[in-house]
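Student:
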Amino acid sequence: MNPQTLFIPVLYSLLQLAGIVAIGVLAGRFGGWPKDFYRSLSRLIVQVAFPLYFFARIAKIDAAEIKGAFLFPLAAVVIIAAALAVSVLVFRFLPGSRQERRTYIALSSFGNSGMIPLTITELLPLSLPLFAEQLAPNLPSMYVGAYILAETPILWSIGNFLITGQGRLPKVREIITPPLIGILAGTAAAVSGLNTLFESEDQLLHHLLRSLELLGSLTFPLILFILGTQIGQLQLNRASIGRLLPGTLLVSLVRFFLLPGIFVLIMRIPAFEGRLSFSQKWILFLEMTTPPATNLSLIASKAGMQEDHVSFTILLNYLLYLLVLPLYIVLVFGL
Numbered sequence: 001m002n003p004q005t006l007f008i009p010v011l012y013s014l015l016q017l018a019g020i021v022a023i024g025v026l027a028g029r030f031g032g033w034p035k036d037f038y039r040s041l042s043r044l045i046v047q048v049a050f051p052l053y054f055f056a057r058i059a060k061i062d063a064a065e066i067k068g069a070f071l072f073p074l075a076a077v078v079i080i081a082a083a084l085a086v087s088v089l090v091f092r093f094l095p096g097s098r099q100e101r102r103t104y105i106a107l108s109s110f111g112n113s114g115m116i117p118l119t120i121t122e123l124l125p126l127s128l129p130l131f132a133e134q135l136a137p138n139l140p141s142m143y144v145g146a147y148i149l150a151e152t153p154i155l156w157s158i159g160n161f162l163i164t165g166q167g168r169l170p171k172v173r174e175i176i177t178p179p180l181i182g183i184l185a186g187t188a189a190a191v192s193g194l195n196t197l198f199e200s201e202d203q204l205l206h207h208l209l210r211s212l213e214l215l216g217s218l219t220f221p222l223i224l225f226i227l228g229t230q231i232g233q234l235q236l237n238r239a240s241i242g243r244l245l246p247g248t249l250l251v252s253l254v255r256f257f258l259l260p261g262i263f264v265l266i267m268r269i270p271a272f273e274g275r276l277s278f279s280q281k282w283i284l285f286l287e288m289t290t291p292p293a294t295n296l297s298l299i300a301s302k303a304g305m306q307e308d309h310v311s312f313t314i315l316l317n318y319l320l321y322l323l324v325l326p327l328y329i330v331l332v333f334g335l
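If you're matching positions, the sequence shown starts at 1 in full-length UniProt numbering and goes up one per residue.
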């Protein structure tokens, strides 16, 4: 497959994603709905649609294929450690307080490991058939779920410490989340063989699973829509932008250039050549290059610390991500 022939179709896919975000921007700016409406919609996605999606997708996987997911908890630890090391070097000499530097290190080290990789993976095949042909059905969902299992407690412990300066163990509700329950339930169905009850179209459970999958698929356009509403509601004066922009751009440097460069170097190591499937490479690449985790905004908001830094950095990096995504896709096909 020639990566050069992919660029125009990839741009069309980008327009699809950007169009949904733009609708959200208009709704957030001019829709007149209160912020609580969008927060409730976000909770609906996280607590209902996302768990149903994970269960429906993972339950379809053959038990023998699940072993390929064991790579991803280890990958989460390695990727976060590498991002932390790079970020410490990058932000060592950034002007400002130690707390500000720690906040930017957290934003550089923890990406949106769940919603963004799955959103991109689900929506791109709609306008890019060549991409769909390379991905194994349902396995990317399993890989992302496995990555989240290891990443979540690290984010709520180390990520929390970096932003607040206070160490603590993650709370049970922060680890045992509805999406995690969906992941574990789907895995249990696949491993136990209960997923055979869903295979035949003559069985009621087959159509029930299909309905759950359709409900879960609504998650991804809504994620982009809510992202747009957050951008539309952003209020910053010029003085704030000038103060926050240097650190934000350095976060972009780490997430969108240095970490992708590390990924390319690793994939050139002979030990990795031919050992990983396209689906595994694709998810690993996304996990190293997504925008900062939105949960960091929740941590900052609860602590009442660094809220402007976190919000501005997250929103600007999501906008930049839409620009670099086409180059990323071409790069992965080239590998």
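From the three backbone atoms N, C-alpha and C, an ideal C-beta is built for every residue, glycine too.
Would you kindly report the start and end of the unbroken alpha helix (DSSP H) that includes tryptophan 282?
Tutor: In the sequence shown, residue 282 corresponds to position 282, counting from 1. Residues 278 to 289.
Student: With isoleucine 66 and methionine 142 assumed to form a contact (beta carbons below 8 Å), what rounded beta-carbon distance in angstroms separates them?
Tutor: The residue labelled residue 66 in the question sits at position 66 within the sequence shown. The residue labelled residue 142 in the question sits at position 142 within the sequence shown. At roughly 7 Å, the Cβ-Cβ gap stays under 8 Å, so isoleucine 66 and methionine 142 are in contact.
Student: Would you call the region 213 to 232 in contact with the region 71 to 85, where contact means no fewer than 3 C-beta pairs closer than 8 Å?
Tutor: As far as the Cβ criterion goes, the region 213 to 232 does not touch the region 71 to 85, which means the pair count is below three.
Student: Can you list, in chain order, the residues of its chain with a C-beta nearer than 8 Å to that of alanine 322? Leave out the 5 residues immediately preceding and following it.
Tutor: As a position in the sequence shown, residue 322 is number 322, starting the count at 1. A small correction: the amino acid at residue 322 is leucine; alanine does not occupy that position in the sequence shown. For leucine 322, where only same-chain residues beyond five positions count, the Cβ hits under 8 Å are Leu14, Leu17, Ala18 and Val21.
Student: Cα separation between leucine 245 and glycine 193?
Tutor: Taking the first residue of the sequence shown as 1, we reach residue 245 at position 245. Taking the first residue of the sequence shown as 1, we reach residue 193 at position 193. Rounded to the nearest angstrom, the two C-alpha atoms are 52 Å apart.
Student: Less than 8 Å separating the beta-carbons of isoleucine 283 and proline 125?
Tutor: Looking up residue 283 in the sequence shown gives position 283. Looking up residue 125 in the sequence shown gives position 125. Their beta carbons are not under 8 Å apart, which means isoleucine 283 does not touch proline 125 by this criterion.
Student: Give every residue of the same chain whose Cβ lies closer than 8 Å to the Cβ of serine 105, excluding the five residues on either side of it in the sequence, and list them in chain order.
Tutor: Along the sequence shown, one-based indexing puts residue 105 at 105. One detail in the question is off: residue 105 reads as isoleucine in this sequence, not serine. Leu84, Ser87, Val88, Phe91 and Leu162, listed in sequence order.
Student: How many Å lie between serine 40 and leucine 11 at the Cα?
Tutor: Numbered from 1 along the sequence shown, position 40 holds the residue referred to as residue 40. Numbered from 1 along the sequence shown, position 11 holds the residue referred to as residue 11. Computed Cα separation, rounded: 32 Å.
Student: Would you kindly work out how many angstroms separate the C-alpha atoms of serine 97 and alanine 136, rounded to a whole number?
Tutor: Sequence index remark: in the sequence shown, residue 97 carries index 97 (1-based). Sequence index remark: in the sequence shown, residue 136 carries index 136 (1-based). Serine 97 and alanine 136: Cα-Cα distance of roughly 46 Å.
Student: Where does the unbroken alpha helix (DSSP H) through lysine 302 begin, and where does it stop?
Tutor: Numbered from 1 along the sequence shown, position 302 holds the residue referred to as residue 302. Where lysine 302 is concerned, the enclosing alpha helix (DSSP H) stretches over 295 to 303.
Student: What residue ranges within the region 70 to 104 form continuous beta strand (DSSP E) runs of no fewer than 3 residues, ordered along the chain?
Tutor: Correct list: empty.
Student: What's the call for phenylalanine 70, buried or exposed, on a 16-neighbour Cβ count within 10 Å?
Tutor: For the purposes of this step, residue 70 is identified with residue 70 of the sequence shown, where counting begins at 1. That one is exposed.
Student: Since I believe alanine 293 is in contact with serine 113 (beta carbons under 8 Å), could you give me their beta-carbon distance rounded to a whole number of angstroms?
Tutor: Your numbering for residue 113 matches position 113 in the sequence shown. Your numbering for residue 293 matches position 293 in the sequence shown. The pair is a contact, with the Cβ atoms about 7 Å apart (cut-off 8 Å).
Student: If you reduce the DSSP assignment to three classes, tell me which class glycine 111 lands in.
Tutor: Looking up residue 111 in the sequence shown gives position 111. Glycine 111 falls in the strand class under three-state DSSP.
Student: In chain order, what residues of the same chain have a beta carbon less than 7 Å from the beta carbon of phenylalanine 272, not counting five sequence neighbours either side?
Tutor: Numbered from its first residue, the sequence shown carries residue 272 at position 272. Excluding positions up to five away in sequence, the list reads Ile266.
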